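Take the first sequence: its position 46, counting from 1, is numbered 53 in the numbering used here, and each next residue is one higher. Glycine included, C-beta positions come from ideal geometry on N, C-alpha and C. The structure presented is a predicted model; accordingly, all values stated were derived computationally and were not measured.
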Amino acid sequence: MFTQTNKKSRQNIAQGTSIALDNGYPTRLNFYKDPPLLEISIEEFEQYALDRMQVLTTLLTAQMRNLTPEQLDRTMNEAIKKYMPMSSNRAQEATQDHQYERRKDHISHFILRLAYSRSQELRSWFLRAECALFRYRFDREVSSEQIRFIVSQNLSWKKVSDDDKRRLASELSASSFKTTQKVQEETYFEVDFEKVTGLVGRRQVYLKGGKAYVPMADQVDLVLDEFKGRLANALEVTGRALPRMDEDDRLMPVLNNINKQYLGREFTTSAIAGEIQAQDVDSLKVHMPPCMEHLHNEMRREKHLKHWGRMQYGLFLKGIGLSLEQALIFWQMAFEKLTPDQFNKQYAYNVRHSYGMEGKRTDYTPYSCRYIIQNNAPGPGDRHGCPFRHFSAPNQRAILAAHDVDDFDTEDIMSLAQGKHYQIACTRYYEVTRARMLGITDNLKGGSIHDGEGNVGMVASQESIEHPNQFFEQSFLLMKSRQSQGESVGPTDGQNGPSETPQPTIKGQYVYKKAGAGAQFSSNSNHDMEM
RNA sequence: GGCGGC
DNA sequence: GCCGCCAACATA
Ligand code: SF4
8 MFTQTNKKSR QNIAQGTSIA LDNGYPTRLN FYKDPPLLEI SIEEFEQYAL DRMQVLTTLL
68 TAQMRNLTPE QLDRTMNEAI KKYMPMSSNR AQEATQDHQY ERRKDHISHF ILRLAYSRSQ
128 ELRSWFLRAE CALFRYRFDR EVSSEQIRFI VSQNLSWKKV SDDDKRRLAS ELSASSFKTT
188 QKVQEETYFE VDFEKVTGLV GRRQVYLKGG KAYVPMADQV DLVLDEFKGR LANALEVTGR
248 ALPRMDEDDR LMPVLNNINK QYLGREFTTS AIAGEIQAQD VDSLKVHMPP CMEHLHNEMR
308 REKHLKHWGR MQYGLFLKGI GLSLEQALIF WQMAFEKLTP DQFNKQYAYN VRHSYGMEGK
368 RTDYTPYSCR YIIQNNAPGP GDRHGCPFRH FSAPNQRAIL AAHDVDDFDT EDIMSLAQGK
428 HYQIACTRYY EVTRARMLGI TDNLKGGSIH DGEGNVGMVA SQESIEHPNQ FFEQSFLLMK
488 SRQSQGESVG PTDGQNGPSE TPQPTIKGQY VYKKAGAGAQ FSSNSNHDME M
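Below you can see the structure in the form of C-alpha cells.
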C-alpha cells in the first residue's frame, strides 16, 4: 500500500484517484477515509508510527489517571508538540506545514491501522485510542472548524422540531440539567440511541422509543460515533486482508515491532478517581451518598467508628480507589486518639483482611444498598446503615436540610423513604443534589422527574441507585464531564472537582450546619428500626 | 461485630 | 490479656 517506489502507487497518484496532496487536508480533523498513496522510506514509516503511538498512549494513560482538564492538556500538549504537531488553520504563515503535518497524521494513522488489525485485542485497543484522540482534537477545535469538518463530511442528523421540543421540554431539561428555557434555545438531534452509547451510559441524554435526543452541545458524540463506526469497519476489512500481505516481508517485521509497543498495556485499575490519597478523602465527600457521608462526618467528629461502620465505609473507600497502604494511613490518622501501635494491634489486621491481604485473601466487594438496608441494622452508637432506611424522620430531614434540599423535594424524598422505597429516595436525593451542584436551581420538579406513579427516573434512565459506589462514580464522572465541557459548577462550589490530588474541603462546609442539627446526629436516637 | 485459639 | 480469620457481589 505504502511501501517505497511502488509502481501501483505511482500510478494511482498519477491518475489522481487518491486525495490530492496540496489541499487534501482542509482541517486538522480527519476521518481517514482513503489510504495515502505515496512514497515513504522504511525509516520514516516506522518513525511516523512510533510518534503516533506516543501521542495515543499519552492520551490514554492521561485519561486513565483522571487528571484535571488542565493537567491533561498540559501533558498532551507536550506530547503533541514533540511527536505530532498539528497547527491550526489560523497560523497562516505556516500553510506549508499544515499539509506536511496533516499528511504525517494521515500516514501514521494508516500505518497503525495496519499494525493493529491483526488480532481482535489489538483492533479494539487501536479503536479506543483513535477515538480518544479524535475526540480530544475535536473538542479543542474552534467551532467554525468543527462545522467546516462536519459539512465537508456530509454529516447530518435529524433535528427535533420546535413543536416536539415543546412537547418534550420537561424531559429534556431533566436529562440535561438545563432549564426549560435553555432547552428551547438549544438545537436537538433525534438519533437511534445506539449511536450515543457514551451519553446514555453517562445518563446525560433523554431516551424515548429507541431514540435519543442529543443537544447540539453533545454533537461530538454523534461525530465520534460516525468515526468509530467507520474505523471499526475498516479495521475488520484490513484484518481480513492482512494474511494475504505476508509476502511483503519488508513490512511485517516493522509492523509487528510497532504493535509490540502496546504491551505496556491495560492495567485494570478500576478506580474511577484514580489512586486516592488518605488526605484526599475529605474533598471527595461531595460525591458520596448520604450513608457514607454520614459515616465520614461522624468519624471526624468522634475520631472513631464502630465495627460495622468501619466495614461499610472502609470497603466503600476501597471501591473508590483508596489503596491498602493509604487506607492504613487514613484510619490511623482518623483514630487520632490511638497510638500507632494501639492501632496496629486493634485495627490493622482487619483492614488488611478487607483488602484481601490476610487469611483466605479475598478482595471483598463493597456493600450494596440491598445489603446495607437489610443487614446489620445499626444499634446505639452505630453510624452505619442507610439513612433512608434506618434514621429517624427528624434526622433524615436534617440531612436533606444540610444539603439545601428545598421543601418540595424534601417532602417527596421523605414520603419515598416512608413508603420503604429507600433506594428510590436515594436516587431522588442524588438528582436533586447533583442538580444543585451543577447550579441548576429551578425546574427539576413535578412532571419532569417525578412521574405519576411515584416512580423516579434517574436522569434519562429508569434505574435507581443500587450501590453506594455507583452513586459515587456517577457523581464523580458527571462533575468531571460537565467541568471539562467548561460549564460552570454551581453555587455549592468551593469543593474543587475531581483532580489527581484533590484538596481538602473547606472546613465546615458540609458538616451539618445550623446549630442544633449537629446535636441530632451525635445523639444515639438515629435508629428507629422499622420491621 | 461474630467465631475461634492460647 | 494476647492473637487469627471472616464477611461481599453494582456495573457497563
Ligand atoms: S440507598 Fe444505598 S447509597 Fe443511598 S444511602 Fe442508602 S445505602 Fe447509601
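Around the beta carbon of Tyr-356, fewer than 16 other beta carbons lie within 10 angstroms, which makes this residue exposed.
Annotation note: the stretch 241 to 309 contains no uninterrupted beta strand (DSSP E) run of length 3 or greater.
For Ala-334, the enclosing alpha helix (DSSP H) stretches over residues 331 to 341. Remark: the shortest separation between the CB of Cys-138 and any heavy atom of ligand 1 does not fall under 8 Å. Here Gly-316 really is in contact with Leu-302; their C-beta atoms are around 5 Å apart, less than 8 Å. Judged by their CB atoms, His-294 and Met-486 are nearer to each other than the 9 Å cut-off.
Under the 10 Å beta carbon count, Gly-321 is surrounded by 16 or more other beta carbons and is classified as buried. Phe-196 is bridged by DSSP to Lys-166, Val-221. In this structure, the straight-line span from the alpha carbon of Met-340 to that of Val-412 is close to 32 Å. Inclusion of Phe-478 in the 8 Å shell around ligand 1 follows from its C-beta lying nearer than that to a non-hydrogen atom of the ligand. Across the structure, Glu-77 and Cys-393 are spaced so that their CA atoms are roughly 37 Å apart. Rounded to the nearest whole angstrom, the CA to CA distance from Ile-379 to Leu-423 is 18 Å. Distance from the Cα of Ala-241 is smallest, within the candidate group Arg-125, Val-439, His-410, Phe-337, for Arg-125.
Look at the beta carbons and you see the stretch 135 to 151 not touching the stretch 160 to 170: under three pairs across the two are nearer than 8 Å. Within the same chain, no Cβ atom closer than 7 Å to the Cβ of Glu-50 is found once the five residues on either side in sequence are excluded.
By the beta-carbon neighbour count (other beta carbons within 10 angstroms, threshold 16), Asn-264 is exposed. Secondary structure note for Tyr-437: its alpha helix (DSSP H) is the uninterrupted segment 429 to 444. Rounded to whole angstroms, the Cβ separation of Phe-337 and Ala-285 is 4 Å, and the two are in contact under 8 Å. Note on geometry: alpha-carbon atoms of Glu-470 and Tyr-437 lie some 12 Å from one another. Per the DSSP secondary-structure output, Leu-214 pairs in a beta bridge with Ala-219.
Contact between Arg-251 and Arg-144 does not hold, since their C-beta atoms are separated by about 33 Å, which reaches or exceeds 8 Å. The beta carbon of Pro-385 sits no closer than 8 Å to any heavy atom of ligand 1.
Placement of the Cβ of Pro-296 at a distance of less than 8 Å from at least one heavy atom of ligand 1 is found. Closest in alpha carbon position to Arg-110, among Ala-136, Ala-56, Leu-484, is Ala-56.
Ranked by how close their Cα comes to the Cα of Lys-218, the residues Arg-443, Lys-235, Glu-197, Leu-229 have Glu-197 in first place. In the displayed model, Leu-322 falls within a helix according to three-state DSSP. Put simply, the backbone Cα of Tyr-39 is about 51 Å away from that of His-428. Around Asn-266, the same chain offers Ala-122, Tyr-123, Leu-129 as residues with beta carbons nearer than 6 Å, after the five sequence neighbours per side are excluded. Secondary structure at Arg-125: coil, using DSSP grouped into helix, strand and coil. For Val-62, the closest alpha carbon among the candidates Cys-138, Asn-382, Arg-435, Ile-47 is that of Cys-138. One Cα belongs to Glu-233, the other to Asp-370, and the distance between them is close to 40 Å. The Cβ-Cβ distance between Phe-133 and Leu-291 does not fall below 9 Å. Ranked by Cα distance from Thr-372, the options Gln-381, Gln-477, Asp-228, Ala-176 are led by Gln-477.
Not one heavy atom of ligand 1 sits closer than 8 Å to the Cβ of Met-318. In this structure, the CA atom of Val-261 is about 43 Å from the CA atom of Gln-481.
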